[in-house]
Every structure is written in C-alpha cells, then in structure tokens.
Amino acid sequence: MAKDVRQLVLRVGLYSLAAAGLYFLGFYLPHQARAPQVPKPTVVTMTQADSRYWMERFPDQTASYLRTAEMAPTVAGGSVPYQKLTKYPFMRTMYHGFGFWFDFRESRGHMFAIEDTLISGRGKTGGVCWGCKSADYPALVARYGQREFDTMFWSEAAGKTTHPVSCIDCHDPQSETFALRLTRPWLEEAIVAQGRQVSDFDMRSLTCAQCHSEYYFRGAGTENKIIFPWSVGFRAEDALAHYNNINFSDWVHPRTDAGVLKVQHPEFEFFQGSVHQRFGLSCADCHLPRVTNTAGRTYTSHWLTSPLNHMEASCQRCHTDLAATRSRVETIQTDLRTQANQVGNDLATAINALRDVRRNPAADSTIVAEAQKLHREAQFMLDWFLVENSTGFHNAAEGRRVIEAAQQLTTRMMETTRRVVR
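In terms of our numbering, the sequence shown opens at residue 219 and continues consecutively.
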C-alpha cells in the first residue's frame, strides 16, 4: 500500500505544484493571525494502524469497516465524489481567494481519506492536514514531535503516511475490550478547557468529534496547532464570537475585502441539542448499529455511511415505518438544501454588488465596513450549514434557524451595500 501511495503522490505532483504556485501568488490568503475520565492515547505501531491487522480478532467489524470504500449516492449526496463547485456555482463566489475555490468535491468514505487528500487541488497547510486523514498520525507525532510534524511540508509528510482512518483512531489496542479512546490532542485540550467530565456514553460521540468538528489553525505555518472554537459554546454564533474575540480570519475575500472564515464539517456541534440527542442517542447509535452476522452473532457494524443505507439496523428500533421515515428524512434534507441554495445565490449577488460599489470614489468607507462585517457573518452562517455533512438532518430545527439567520444577514448586507454611494 505504501508503494501505491508513493505512486499516487507522483501522479498528482504536477497538479499539486500548480496549486502551490497559485497559493504563493496570493489566491490563497490565510490570515496569520483533564477531565480525568478522558482515556490517554497509547501510541501504536504502523502495522497496528492498518485496519486489516485486526481482521483475525474482529473479523465482522473489520469487514464492515472496509465497506467504507463503497460509493453510493443519496438524496443529500452520499459518497460519490462529485464537484460541488459545478453543482452549486455560488460557492465559487463565496470561496473566491481560498483553496475551496479551486476544488471542493464530496468526500468518499474513510478508506479513501488519504487518497482524496492527495488528489485534492486545494492548498495544504502542512503535516497537520494528515491529522484526520491517517491512522499513522499519532505514531508520526510521537516520532517527530507535535510541532515538527504539524509544520512539516505537506508533501514530505505525505510520503510518511500509509494507512487511512482505522480502528486504532478510536480504540485502545492495549485494552482487553478494545475500549474507546481519544487519540487527537486538540479534542482533549478542548474538553479540559471546558472542565467537562467525560462518561463512557460521551465517548460514543467524542471519538467522532475528534475530526467531525469545526476547527482552525493557530500559528499557521509556524505552529499549525488545531484549535476547536468552543470557548463560547457550540452554536454557529458561538464559534463566530470566538473568532471575533481573537480577531481571526481565514482569508481576505478579494471581491469585498472582508475578512472571512471557512467552516469545516461541524457535525458534532450541529448535533448538540437535537431531537435524537435529547432522546439519549449518540453518533454511534445511528452510524454504528448493532447487526447480526450469518452465524447469528451480534456485533457492531463499522460501515460508516448514511444510516439510510442500513435503516433496518439503525432506524427500526424506534421508527417502525421505514418508508415513511426515509421520506421524512429526504424531505427535510431536500427542503433545507433548497433554502440554502437560494441564500447562496443571494449571497453571491450581494458579494458582487459590494465588489462593484466599493470601487466607486464616492463610496462611504464606514458603510463599506458595515457591509463587509455583514458579509463575514452571512457567509459564516451559511457555510456552517453547507459543510455540515447531514444536510441538516442531524438537527433539522437548527438547520432551519441557521439558514434563516444567513438569509437575514444577506438581506441586510445587500441593503447596506445600496447605501454605500448616495
């Protein structure tokens, strides 16, 4: 597999070089800007990082995990790597000047985590980018040091990663029960900062939160330290308040000159306060259901996919009419996506309007600054929904609220832009 990775690196070398050139030309402009119950990670060997290493001990779990290499579409997108920039043209305007302006494909399953990163046309920050793509990350950090590996050139670090996300990212191989554990320091640090006590039940969601959460890099290029913006709370406004408090932006939007932010897959945050969470469910209850093999033995499926692909196991315990349940899920996702797309189109129009009007010598700089602030806020709220990988279903009420907030901010941005020149 290492040979395959090296070959893939060579195949995408020219593409990555071109992307890097654009990065340095300025198209990608990032701003430089214990709870005792948390299990301590145990560094494991690279061999143990291979999910197939555990096939003999956990054959059903491993076989089901290997199914994450399967690709299947759903109403909300599924795991087929289509180009989102083509399907949703307004994203090219939103992300102009940032890496997602070049390439924003739907992600495939966990088994493709390394390969999908290698072929991405986006600029890479450094070795830290492998933190949620490779099970080798903890061992590499132990070998080179946290800062040293995180700031290593991305291409150099790529040659050291072999195994995609695997069993040992969430399970302790030294435990008799293969107990859940946390292996990524950024989540443990966030938990400690909150003074939070962690239960065994919490771990059924926190293992996912290691990588299915919003984050940013502190000390881009010099430290590349991943931080979760949870100092205020878990909602979109809370994360935005965190960024405002530290005066952080990911890049300056070239059309509006606003300091804007790029949200990254806030599934854990989005799930907080949802109907399913209030009923006592975790991520694992729906995404890793208990199933029965051909011999009648019950085990936990590790086919990490949409629960719509295994509704009998994941949904039927609570929802007896599966057809009605599927219809309800797909209706929620379709309706929310339609609303979000309309806001996206409106936001793109507002961005271009602000671009045009601020060039006018008679533009009022105070009103321009007000419109830029609204651009930052509207785009953040909309992006919070767009990149959350359930298309709103993890928390439908929150999805509606966030989209409505984005719409209101976009409307205010357009109204403010019209006042720039009197």
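No residue lacks a Cβ here, since even glycine has one placed at the ideal position from N, Cα and C.
{"query": "Which listed residue (Trp521, Leu592 and Ala476) has its alpha carbon closest to that of Leu506", "result": "Trp521"}
{"query": "Alpha carbon of His389 to alpha carbon of Ala454, nearest angstrom", "result": "30 Å"}
{"query": "Assigned secondary structure, Leu398 (DSSP; H/G/I helix, E/B strand, else coil)", "result": "strand"}
{"query": "Burial state of Val620 (16 or more Cβ within 10 Å)", "result": "buried"}
{"query": "Cβ-based neighbour list, Thr369, same chain, cut-off 8 Å, excluding 5 preceding and 5 following", "result": "Gly344, Gly345, Val346, Gly439, Thr440, Glu441 and Asn442"}
{"query": "Within 8 Å, strictly: CB atoms of Ile585 and Arg637", "result": "yes"}
{"query": "Length of the line joining the Cα atoms of Leu627 and Ala267", "result": "45 Å"}
{"query": "Meets three-Cβ-pair contact criterion under 8 Å: the segment 562 to 580 and the segment 428 to 435", "result": "no"}
{"query": "Span of the beta strand (DSSP E) around Val509", "result": "Arg508 to Thr510"}
{"query": "Ranges of the beta strand (DSSP E) found wholly within the segment 394 to 474, counting only runs of at least 3", "result": "434 to 436 and 443 to 445"}
{"query": "Touch test, the segment 376 to 384 against the segment 328 to 341, Cβ-Cβ under 8 Å, three pairs minimum", "result": "yes"}
{"query": "Start-end ranges of the beta strand (DSSP E) lying completely within the segment 302 to 371, minimum 3 residues", "result": "none"}
{"query": "Range of the contiguous alpha helix (DSSP H) that encloses Thr552", "result": "Leu540 to Val575"}
{"query": "Rounded C-alpha distance that separates Val639 from Tyr300", "result": "41 Å"}
{"query": "Counterpart residues of His505 in DSSP-defined beta bridges", "result": "Answer is none; His505 lacks a bridge partner."}
{"query": "Bridge-paired residues (DSSP) for His389", "result": "Leu398"}
{"query": "Nearest neighbour of Thr549, chosen from Ala614, Trp602, Thr538 and Arg573 [CA to CA]", "result": "Ala614"}
{"query": "Sequence-distant residues of its chain with Cβ nearer than 7 Å to Gln495 (five each side left out)", "result": "Phe489"}
{"query": "Spatial neighbours of Ala571 in its chain, beta-carbon cut-off 6 Å, leaving aside the 5 residues before and after", "result": "Thr635"}
{"query": "Beta carbon of Thr311 nearer than 8 Å to that of Ala566", "result": "yes"}
{"query": "Residues near Val547 by beta carbon distance below 7 Å, same chain, minus five either side", "result": "Leu526 and Phe611"}
{"query": "Straight-line gap, Gln557 to Leu600 (C-alpha atoms, nearest Å)", "result": "10 Å"}
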